[in-house]
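Visitor: One structure follows; several queries about it will come next.
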Amino acid sequence: MTTATDFPVPDDGSGRELTVDELAARVGVTVRNLRAYSARGLLPPPRMVGRTGYYGREHVARLMLVREMLAEGYSLAMIERTLASAPANASTATLALHRALLAPWLPPEPETITGAELAARAGVPEDPALVDRLVEIGLVHRLDDEGALRVMDPALLTAGLQVVRLGVPPEELIVAQAKVNEHVREIAQTYVQMFVTTGWQAFVDAGAPREQLDAVRDTVTRLQPAAAQAVLAAFRTEMAAAVGTALETALSQLEAE
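Residue numbers (the UniProt record's numbering): 1 to 257.
Next up, the structure:
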């Protein structure tokens, strides 16, 4: 696995701090893009002297990491989410490892819609109270007072809309999804803890050797489909049992009537 620290950081050997124009020229990006990265929080704040910002080697290394992620197909939004979930004082090497381990688990790119568009897709009247509930369970975030919403996991929203189209009231689905989220959170923590106490701890105890990084990343990547398959198989078994019990009760009621 390559990391940003595997690439040479451009340096003139002086170790001096750089202005924004010098930083952009050093790394090979435009000043406009550099300011856009800063506005998204992808770069630490510069050292300010009056109205002039000065950047050091940590800014150069961070820009190299951002460029590497962009080259790998990451969007700026995904880079922002990845860096935001990392420790605030993480080094560039730590950020690269964090990115490699987290990437397989990130949901699809967030989607921006309005409350009216959401209601239309669900085939129900627009209801701010329903949006409030979606915000509470973390499915959407409000972007402004004009009704713009950011859907954090479009795939989950699509699945929910399919259930609503089957005739399930949105209010009931939201209540059910909130409960499901709690159980899924426990399942995720169980699998992650299993990995931490086995593969990851062995890696740390060995001194985090660079030659084992690829194996650790491969384990994390393979864990996702394996865990998903195990959870789905268990869900099918439990769903069959639950449906059978419900049918037995319902049919008994019909017979009694």
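Built from N, CA and C at the ideal position, the CB exists for glycine as well.
1. In the DSSP output, what is glycine 53 paired with across the bridge?
2. Excluding five sequence neighbours on each side, which residues of the same chain lie with their C-beta closer than 6 angstroms to the C-beta of glutamate 58?
3. Mind checking glycine 160: buried by the 16 CB within 10 Å criterion, or exposed?
4. Say whether chain B places a C-beta atom closer than 7 angstroms to the C-beta of alanine 24.
5. Between which two residues does the beta strand (DSSP E) harbouring threonine 112 extend?
6. In angstroms with no decimal places, state the Cα-to-Cα distance between glutamate 22 and glycine 28.
7. With a cut-off of 8 angstroms on the beta carbons, I'd call alanine 119 and glutamate 126 a contact; round off their distance for me.
8. Based on the DSSP output, what are the partners of alanine 86 in its beta bridges?
9. How is valine 151 classed by DSSP in three states: helix, strand or coil?
10. Just to confirm, is the Cβ distance from valine 163 to leucine 173 under 7 angstroms?
11. Any idea which residues DSSP pairs arginine 142 with across the strands?
12. Report the partner residues of leucine 18 according to the DSSP bridge assignment.
13. Let me know if residue 260 comes out buried or exposed under the rule of 16 or more other beta-carbons within 10 Å of its beta-carbon.
14. Hey, how far is the Cα of methionine 69 from the Cα of glycine 56?
15. What distance in whole Å lies between the Cβ atoms of glutamate 72 and arginine 40, which are believed to be in contact at a cut-off of 8 angstroms?
16. Take every Cβ of the segment 179–199, pair it with every Cβ of the segment 218–236, and state whether three or more of those distances are shorter than 8 angstroms.
Guide: So, to answer that:
1. Met48
2. Nothing listed; no residue qualifies.
3. buried
4. No chain B appears in this structure, which consists of one protein chain only.
5. 111–114
6. Distance between the alpha carbons of glutamate 22 and glycine 28 is about 10 angstroms.
7. 4 angstroms
8. Bridge pairing for alanine 86: absent [DSSP].
9. strand
10. yes
11. Leu149
12. Tyr55, per the DSSP bridge assignment.
13. The question about residue 260 has no answer, for the chain in this structure spans 1 to 257.
14. 21 angstroms
15. Rounded, the Cβ-Cβ distance is 17 angstroms, inconsistent with contact.
16. Contact between the segment 179–199 and the segment 218–236 is present, because at least three Cβ pairs lie under 8 angstroms.
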